[in-house]
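Reviewing the structure listed below.
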DNA sequence: ATGTGCATGTAAATTGTTACATGATTCA
DNA sequence: TGAATCATGTAACAATTTACATGCACAT
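Chains as they are written, first to last, in the working numbering: chain D, 36 to 222; chain R, 36 to 222.
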């Protein structure tokens, strides 16, 4: 997937997932479990992370002094909670600031099928276009459900989650538009 | 990456990359080398494939009777060229037609950074927004260069490449819009 | 008492990439 | 004759997912 890690300084060894974990800790996710939830509720539309990747990342970040953790069991259930350190904030700032390599990687079987849709009879092809359009319509609905949360964050000073949400919505609206155009044109 | 392969029939064992190869053979790419080129010149914006994956896919497709190959060396340089069989066309039709599972998978470090951009000072954050906007502007320019080719294909009856191209352009135009909006709002 | 959520972890499998290797043809 | 392009291949590696495993806490 060619995720760039290289950087100028000593944090060259930190991977993108590690920075994602760091960012989520900064936003208030305390345990590995909470980080997974936070990702699934926010950036999952442009970045996913599996539970398995989180715990090694946390350990690495702690070794690097970017987060500090302490055991805080809930009763007899073990739990380790973390908070970001000053060094961690600096490292996160540095990563976010340097534009570096930001590949836009899209992998969409739907678009691949559309690209090849000329094999099909017109009606079948239009059904595929419809299916893709509906998929985006559902996605827009889903994203609209998140909007209130993003507005809450904006009120507290975190304005950028709203920006990424807007982009997601506009994205799929664009897809809906183009599909609709073709549907009316070839029906 | 959770790419679904399951299907109802006997071609359940064919992966998405294999269908991509099949589709490209149908569109006239003859050798493995040409397939790689075709992918890089068309669907690379929503699907990539490395050279290494192509040759095993070709072998598998041939064993399944979906393409037929013959050795056609160029002088002393070995080369194997393929064409799609009737069974291959049927299989491709079936795959394209069934909507099945079409996950829209986006992985974009740029958007991740934007999401976390509230760590930065306003000016630094706006620079990041600009960088993301410029990236999309470049992408739109690149896609516009392909437009003539897609129009040529349309004239010959392959209209769907143009649809996917349009979607790509509108995608990035949407991104540019939202970025611009935020730039003027917070400058 | 039982199901759902919290919390972490291991092992195996899959998927895909990078780097390397080889050699022929074509065109300037 | 040297560089770019055509053409295929192997080996090692990196990233990520799936499946499995465990057990407590809490509310009904």
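Ideal Cβ positions, reconstructed from N, Cα and C, are used throughout, including at glycine.
Would you mind giving the Cβ-Cβ distance between residue i and residue j, rounded to the nearest angstrom? I have them listed as a contact below 8 Å.
i	j	result
residue 163 of chain D	residue 81 of chain R	Their Cβ separation, rounded to whole angstroms, is 15 Å, which puts residue 163 of chain D and residue 81 of chain R out of contact at 8 Å.
residue 100 of chain D	residue 64 of chain D	Not really, about 19 Å apart at Cβ, beyond 8 Å.
residue 132 of chain D	residue 159 of chain R	5 Å
residue 128 of chain R	residue 154 of chain D	5 Å
residue 103 of chain R	residue 120 of chain R	5 Å
residue 178 of chain R	residue 204 of chain R	5 Å
residue 170 of chain D	residue 137 of chain R	6 Å
residue 166 of chain D	residue 134 of chain R	4 Å
residue 144 of chain R	residue 51 of chain D	6 Å
With DSSP as the reference, please indicate the residues paired to residue i in a beta bridge.
i	result
residue 143 of chain D	R:139
residue 23 of chain D	Any property of residue 23 of chain D remains undetermined from this structure, which presents chain D solely from 36 to 222.
residue 112 of chain R	R:109
Given a cut-off of 8 Å on the beta-carbon distance, is the pair residue i and residue j in contact?
i	j	result
residue 218 of chain R	residue 175 of chain R	no
residue 161 of chain R	residue 206 of chain R	no
residue 89 of chain R	residue 67 of chain R	yes
residue 106 of chain D	residue 196 of chain D	no
residue 57 of chain R	residue 199 of chain D	no
residue 211 of chain R	residue 168 of chain R	yes
residue 117 of chain D	residue 60 of chain D	yes
In chain R, which residues lie less than 7 Å from residue i when you measure between Cβ atoms?
i	result
residue 159 of chain D	132
residue 31 of chain D	As shown, chain D starts at 36 and ends at 222. That puts residue 31 of chain D outside it, with no answer to give.
Taking residue i as the query, report the chain D residues whose CB atoms sit under 7 Å from its CB, ordered along the chain.
i	result
residue 128 of chain R	154, 155
residue 166 of chain R	134
residue 63 of chain R	The premise fails here: residue 63 of chain R is roughly 12 Å from chain D at the closest Cβ pair, so nothing lies under 7 Å.
residue 74 of chain R	Within 7 Å Cβ-Cβ: nothing; residue 74 of chain R doesn't reach chain D, min ~10 Å.
residue 175 of chain R	What residue 175 of chain R touches in chain D: nothing, since even the nearest Cβ is about 12 Å away.
Note down, in chain order, every chain R residue with its Cβ under 8 Å from the Cβ of residue i.
i	result
residue 51 of chain D	144, 147
residue 195 of chain D	149, 150, 151, 152, 153, 160
residue 163 of chain D	131, 132, 134
residue 55 of chain D	147
Residues of chain D with CB under 8 Å from residue i, in chain order?
i	result
residue 199 of chain R	146, 149, 150
residue 213 of chain R	198, 201, 202, 205
residue 77 of chain R	150
residue 209 of chain R	202, 205, 206, 208, 209
Output, in chain order, the set of chain D residues within a Cβ distance shorter than 9 Å of residue i.
i	result
residue 141 of chain R	80, 81, 82, 139, 140, 141, 142, 143, 203, 206
residue 192 of chain R	153
residue 124 of chain R	154
Could you work out which residues of chain R lie near residue i, taking near to mean beta carbons separated by less than 9 Å?
i	result
residue 170 of chain D	134, 137, 139
Which full runs of the beta strand (DSSP E) of 3+ residues lie inside the stretch 51-88 of chain R, going along the chain?
-> none
List in chain order: all unbroken alpha helix (DSSP H) runs of 4+ residues lying wholly within the stretch 190-222 of chain R.
-> 195-221
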